[in-house]
Amino acid sequence: MSIFVDETTTVVIQGVSPTSQGLYHGLRNRAYGTKVVAGTNPKRGGEEIEGIPVFATVAEAVQATGAVASFISVPPPHAAAAILEAAEAGIGFIVCITEGIPAQDEAVTYNRLVEEHPATRLLGPNCPGIISPGKCNIGITSGDIALPGGPVGIVSRSGTLTYQALHELSQQGVGQTTCVGIGGDPVPGTNFIDCLSAFEADPDTKAVMMIGEIGGSEEERAAEYIAEHMTKPVVCYVAGVTAPPGRKMGHAGAIISGSQGTAQAKMEALTAAGAVVAQNPTEAGVRMVEIVKELG
Amino acid sequence: MDLFEYQGKQYFARFSIPTSPGGVADTVTEAVAQADAAGYPVVVKAQVKVGGRGKAGGIKLAADADEVRRHAGAILGMDIKGHVVHRLWVEHASDIDKEYYASFTLDRPAKKHLGMLSREGGVEIEEVARTNPGAIARLHVDPVRGLDREAARRWVEEAGLDEAARDQAADLLVALYRCYTEGDCDLAEINPLILTTDGRVHALDAKVTLDDNATFRHPEWAEYAATETEDPRERMAKEKGLNYIGLSGTVGIIANGAGLAMSTLDVVNQVGGEAANFLDVGGGANADVMSAALEVINADPSVRSIFVNIFGGITRVDEVAKGVIEALGRVDLRSPIVLRLDGTNAEEGRSLLAPHLSDRLLAEPTMLEAARRAVALAGQRSEERA
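As given, the protein sequences belong to chains A and L, one line each in that order. Using our numbering, read the first sequence as starting at 1 and increasing by one per residue. Using our numbering, read the second sequence as starting at 1001 and increasing by one per residue.
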């Protein structure tokens, strides 16, 4: 099994034109085997691009194709509206990879989703997306580096570190059930705990790799969850031990302010919660391979 | 982007948040002119983006033009915790009755805006939070609903602000919330927010951090960007559109992805080195981006070796390798490069690089080994220079 998406997930790409990022990534996802059933573009309703039927709105796309998930990579000024359009059309799982959405827009969008569309899950923004190897890939993760069959679930705040984690495991012959990139922004739609609980409930996931970074307190909250609810082993890595306070390290959410959000505090909380905490991504991979071998 | 106090006050003025009359001065003569306009007595304040200005002697009261001349002359050029003062803010000195604190920021775990209001202002709010947490009235504001006047009025009462300040403070807080939301701030903080002896409430200081992601809808921010950073390396990187932060070590870092770049800094540190910078080249590590990145790092005199750490996802490693080779033809590097290229098409990338490898361009199979090599090279070169 997998979490959030599987081989039955049908996807609408929001914002398709012959030159759009959405189409580029959507075609890659389709080539991987994802069921890309529709695209949207207010000016191109009724057209077909690369075999993808295009609708003016997400609502029309859902009505015609029954799409259950959407993929958004539109530019930041339009991303919040695109997310809400998808939710209003009844989409249950929205993946938004757009980087650079203003925090105020994210805060409003998140709270509107919670209040008006509680059944909709948003993944991202500013994330690489989600891949259930061999089944479904929505986003920009390269399918080549993922290995189907489990037993490891991955959840990460960072894009390239997610790829690194997939690669470390796949090279050792250890597969993944699902790999979720939750993104590096201050108000992510899906957080560590959402993913940890889904992995805990997924019978095929036997262990979880969690990759955090500086800023906020999501890792600390995840540590509490791990201590109280996780029966499956968790291997963690937190990036940014050497990051200076007060400087955003690339991601809008990756900033140490005062004594809040340091990598050290996060690693200590995770260690105290019983998670295996590695000092670098390679070590995290090695530790996970050992754990999987022990699980048999 | 952090604003200087004077920029914060100018930003506040856009949202009708009252401040003291004053102006900016880059010279002693300008300082006197601003003081004459504001009306004596005045306060002469160093404009640096660091706390503790007062203790460092960067804030002085002046009763007349002679005193302004003396203080302005002493403060301009002063070094406050590594920040050199190039600009002053000169404003009319207020007769302070009470000092409060007010701020808005995002409470990330709660996913709501958090307002903090205290009748104990003028000191570090962290200090108040530690010694007297009951003195801070916290208010979560739903980003969808916003903050209305009634809620602000109740909040002011709850915080125990003086009766004489309450109505004006409620209006000011509504304006500050608008500044924070419509003005796309990560932080809008007033410390102290004062009640004057003649019963007026206004902002005596302004600490504003703007959300860089909202730059596209704020053309007025262009003037702030021009004064954003003093670090010449960061200025150069910004001109080239790179995501760069200057640090104090000797190993130049280029990586793709913020997480991997952060992790690269950590690994360099783990093997005994220190990074000279954070640099995320993002998804498209082509020849142009690589050249720009190498140029910025090459311009940093403290760099002794360069560690390029790329994990190819959508960006294929063979494309990155071509980019590196082409960039090397364009930039005359002072330091050796250690490459770690992995991910999609890594084999193809490594074969492309093979004929170019030398004691100036080395390749290592893993991040850890590459970090060790880069740190060793940086150490060696430091010793050679010593």
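Note that beta-carbon positions come from the ideal geometry of N, C-alpha and C, so glycine has one too.
Return no unless some Cβ of chain L is closer than 7 Å to the Cβ of Arg247 of chain A.
yes
To the nearest angstrom, how far is it from the Cα of His78 of chain A to the Cα of Ala1370 of chain L?
41 Å
Check whether Phe192 of chain A and Glu218 of chain A have beta carbons under 7 Å apart:
yes
What do you reckon, are the CB atoms on Arg1108 of chain L and Pro186 of chain A nearer than 7 Å?
yes
Output, in chain order, the set of chain A residues within a Cβ distance shorter than 7 Å of Asp1186 of chain L.
Ala103
When L:Phe1311, L:Val1331, L:Asp1064 are compared against Ala1035 of chain L, the one with the closest alpha-carbon
L:Asp1064
Leaving out five residues before and five after Val1050 of chain L in sequence, what residues of the same chain have Cβ atoms less than 7 Å from its Cβ?
Ile1080, Lys1081, His1083
Does DSSP classify Pro151 of chain A as helix, strand or coil?
strand
For His1113 of chain L, return the contacting residues in chain A, with the cut-off set at a CB-CB distance below 8 Å.
Ala107
Is it buried or exposed, Arg1130 of chain L, if we count other Cβ atoms within 10 angstroms and call 16 or more buried?
exposed
Cα-Cα separation, Arg1385 of chain L to Val1338 of chain L
Unreliable placement is indicated for Arg1385 of chain L, whose pLDDT of 45 sits below 50; the coordinate value is still reported in the next sentence. In a straight line, the C-alpha of Arg1385 of chain L is about 20 Å away from that of Val1338 of chain L.
Of all the residues that make up the region 1138-1149 of chain L, which are near chain A by a beta-carbon distance shorter than 8 Å?
Asp1142, Pro1143, Val1144
Own chain partners of Ala1275 of chain L with C-beta closer than 6 Å, once the 5 adjacent residues on each side are dropped
Leu1247, Gly1249, Val1251, Ile1253, Leu1265, Val1268
Distance between beta carbons of Met1 of chain A and Pro177 of chain A, contact taken as under 8 Å:
The sequence given here has Thr at residue 177 of chain A, not Pro. So it is a contact: roughly 7 Å between Cβ atoms.
Extent of the continuous beta strand (DSSP E) to which Leu1353 of chain L belongs
Note, Leu1353 of chain L: premise wrong, no beta strand (DSSP E); alpha helix (DSSP H) at 1346-1353.
Whose Cβ in chain A lies nearer than 9 Å to the Cβ of Thr1196 of chain L?
Neighbours of Thr1196 of chain L on chain A: none; closest Cβ ~30 Å, over 9 Å.
What would DSSP say about Gly175 of chain A, mapped onto helix, strand or coil?
strand
Within the chosen definition, does the region 68-75 of chain A reach the region 1058-1073 of chain L through at least 3 CB pairs nearer than 8 Å?
no
So for His1218 of chain L, helix, strand or coil by DSSP?
coil
Please state if the CB of Val108 of chain A and the CB of Val1174 of chain L are separated by a distance shorter than 7 Å.
no
For His1202 of chain L, tell me which candidate among L:Glu1127, L:Asp1097, L:Gly1052 has the shortest Cα-Cα distance.
L:Asp1097
Distance between Val1320 of chain L and Ser1335 of chain L (C-alpha atoms, nearest Å)
20 Å
If you run the structure through DSSP and keep just helix, strand and coil, what is Ala1065 of chain L?
helix
Rounded to a whole number of angstroms, what is the C-alpha to C-alpha distance between Gly351 of chain A and Phe1104 of chain L?
Absent from the model: residue 351 of chain A. The displayed extent of chain A is 1 to 296, so no value can be given.
Please report whether the beta-carbon of Thr178 of chain A lies at a distance below 7 Å from any beta-carbon of chain L.
no
Considering just the uninterrupted stretch of the alpha helix (DSSP H) at Cys1179 of chain L, what are its terminal residues?
1163-1182
Determine whether the Cβ of Asp144 of chain A lies closer than 7 Å to any Cβ atom of chain L.
yes
When we look at the beta-carbon of Glu1347 of chain L and count the other beta-carbons within 10 Å, is it buried (16 or more) or exposed?
exposed
Pair every Cβ in the region 1013-1021 of chain L with every Cβ in the region 1160-1175 of chain L, then say whether three or more of these pairs are closer than 8 Å.
yes
Do three or more CB pairs link the region 153-168 of chain A to the region 1222-1242 of chain L at distances below 8 Å?
no
Residue-chain proximity (Met288 of chain A, chain L), Cβ-Cβ < 7 Å
no
Where Asn1213 of chain L falls, given that 16 or more other Cβ within 10 Å makes a residue buried:
buried
Could you check what DSSP says for Gln279 of chain A in three-state terms: helix, strand or coil?
coil
For Asp1266 of chain L, would you say it is in contact with chain A, using Cβ-to-Cβ distances shorter than 7 Å as the test?
yes
I'd like to check one pair, Pro128 of chain A with Gly159 of chain A: are the Cβ atoms closer than 7 Å?
yes
Assuming Lys1060 of chain L contacts Val1044 of chain L (C-beta within less than 8 Å), just tell me the rounded distance between them.
5 Å
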